[in-house]
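One structure is given below, encoded as structure tokens.
In my numbering, the protein residues as written are -16 to 298.
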């Protein structure tokens, strides 16, 4: 089945309202076509034209092309990149030296580089809760008063968010994330397959069979859509899929297994969301059934990214 989608034109308040409602209520994946410019723009602006996205994307691409960092490398003749995969000798999939992101986009390198948001000039004011374009308000009970009503407040975790630069043909294999997320797609073509936790969690054998896909090389056509899919997938498990084009955003709830394939060299921004209220966090996050594979980092690398900034801009 196809993932549900909505189309613009978008404004910052409009995209924030749609995402906030989804976070607080249905908690199912949603594609927001053409929403990236509004998602990352200051709330006072009205970026609802294609030119706004083109300017934003050009800025991000320029920053990415000059960036270097360690990369996840696939094994020879395989197309999966995972921080958890080690070869039979226990060798880590992380490159020993920094890799130029440009080499993954233009070839011949294969792999995935994870960059901090600041590497592309995106600075989040993590202390603000009024007017911050990366804060989302949903309906129902919550932690913030708004006149006579109370709002649920979901905010981007800058320290958990990142930019992923991935070479053509690679997959981030089946995994779930501990936080809700929005994948803001900037460049290239990416396909995402998602599995509802009501199916994946129904019993341990089903979950184990699905997680077995993490160790399988191959394309989505091989694993989910081809003749082998009936043999590889547990009976009765339903999945949905979507293809992301530049400027599209995808909301992925926590606990939803998802498998991501870059159909071409891609650049995407993964924004991790968390509810401010502990009670809402407990209600919305639930149990994470597998560790995130896409760009997971050592604790020391994650700690170094925890910086607060008083400004937020693409500059």
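Think of the CB as a built atom: it goes at the ideal place given N, C-alpha and C, for glycine as much as any other residue. Predicted, not measured: the structure shown is a model, and the values here were computed from it.
For residue 50 and residue 300, the rounded distance between their alpha carbons: No answer is possible for residue 300: it lies beyond the span of the chain, which begins at -16 and ends at 298.
At least 3 beta-carbon pairs within less than 8 angstroms: the segment 228 to 239 vs the segment 188 to 198: With the cut-off at 8 angstroms, the segment 228 to 239 and the segment 188 to 198 do not touch.
Nearest neighbour of residue 178, chosen from 159, 167, 14 [CA to CA]: Among 159, 167, 14, the Cα nearest to that of residue 178 is on 159.
Nearest-angstrom Cα separation, counted from residue 220 out to residue -13: A direct Cα-to-Cα measurement between residue -13 and residue 220 gives close to 18 angstroms.
Range of the contiguous alpha helix (DSSP H) that encloses residue 19: 19 to 23 is the span of the alpha helix (DSSP H), which, as asked, contains residue 19.
Reduced DSSP category for residue 92 - H, G, I as helix; E, B as strand; rest coil: DSSP places residue 92 in coil when its eight states are reduced to three.
Sequence-distant residues of its chain with Cβ nearer than 6 angstroms to residue 78 (five each side left out): Within its own chain, the residues whose Cβ lies closer than 6 angstroms to the Cβ of residue 78, once the five positions on either side in sequence are excluded, are 53, 54, 56, listed in chain order.
The alpha helix (DSSP H) enclosing residue 189, as first and last residue numbers: Residues 187 to 194.
Beta-carbon proximity check, residue 138 vs residue 257, cutoff 8 angstroms: Yes. Within cutoff.
Residue 216 - DSSP class collapsed to helix/strand/coil: Correct three-state label for residue 216: coil.
Residue 152 versus residue 143 - alpha carbon distance: Rounded to the nearest angstrom, the two C-alpha atoms are 25 angstroms apart.
Opening and closing residue of the beta strand (DSSP E) in which residue 175 lies: Run containing residue 175: 173 to 178, per the beta strand (DSSP E) assignment.
When 24, 217, 6, -3 are compared against residue 317, the one with the closest alpha-carbon: This structure does not reach residue 317, given that the chain is present from -16 up to 298, and the question cannot be answered.
Three-state secondary structure assigned by DSSP to residue 161: Reduced to three states, the DSSP call for residue 161 is coil.
From 145, 215, 202, residue whose alpha carbon lies closest to that of residue 175: From the listed residues 145, 215, 202, the smallest Cα separation to residue 175 is found for 202.
Residue 183 (DSSP reduced to helix, strand or coil): Three-state result, residue 183: helix.
Whole-angstrom distance between residue 58 and residue -3, CA atom to CA atom: Those two C-alpha atoms are separated by around 43 angstroms.
Alpha-carbon to alpha-carbon, residue -16 and residue 231: In this model, residue 231 and residue -16 are separated by some 19 angstroms (Cα to Cα).
Spatial distance of residue 244 from residue 136 (CA atoms): Each residue's alpha carbon lies about 31 angstroms from the other.
Nearest-angstrom Cα separation, counted from residue 74 out to residue 64: Near 14 angstroms, if we compare the C-alpha coordinates of residue 74 and residue 64.
Beta-carbon proximity check, residue 249 vs residue 164, cutoff 8 angstroms: Contact flag unset, no.
Identity of the residue in 85, 46, 242, 102 nearest residue 173 by Cα: Checked all of 85, 46, 242, 102; the closest Cα to residue 173 is 242.
Three-state secondary structure (DSSP) of residue 60: Correct three-state label for residue 60: coil.
Outcome for residue 214 when other beta-carbon atoms lying within 10 angstroms are tallied against a minimum of 16: With fewer than 16 other Cβ atoms from the protein chains shown falling within 10 Å of its own Cβ, residue 214 counts as exposed.
Straight-line Cα distance separating residue 140 from residue 130: Model confidence at residue 130 stands at a pLDDT of 42, short of 50, so the residue's coordinates are unreliable; what they give is reported in the following sentence. Their backbone Cα atoms lie some 26 angstroms apart in a straight line.
Local conformation of residue -16 per DSSP, three classes: Shown here, residue -16 sits in coil according to DSSP, grouped into three states, outside any helix or strand.
Euclidean distance between Cα positions of residue 8 and residue 162: The alpha-carbon atoms of residue 8 and residue 162 are separated by roughly 16 angstroms.
C-alpha distance - residue 0 paired with residue -7, whole-angstrom precision: The alpha-carbon of residue 0 is positioned some 11 angstroms away from that of residue -7.
Bridge partners - residue 146, DSSP secondary structure assignment: Note: residue 146 sits in a beta bridge opposite 98, 252.
Where residue 35 sits in the DSSP three-state scheme: Here residue 35 carries a helix assignment [DSSP, helix/strand/coil].
Close-in-space but distant-in-sequence residues of the same chain around residue 189 (CB under 6 angstroms, 5 per side omitted): Cβ contact annotation for residue 189 (same chain, cutoff 6 angstroms, sequence separation greater than five): 217, in chain order.
Extent of the continuous beta strand (DSSP E) to which residue 224 belongs: It spans 222 to 227 - the beta strand (DSSP E) in which residue 224 sits, taken as one unbroken run.
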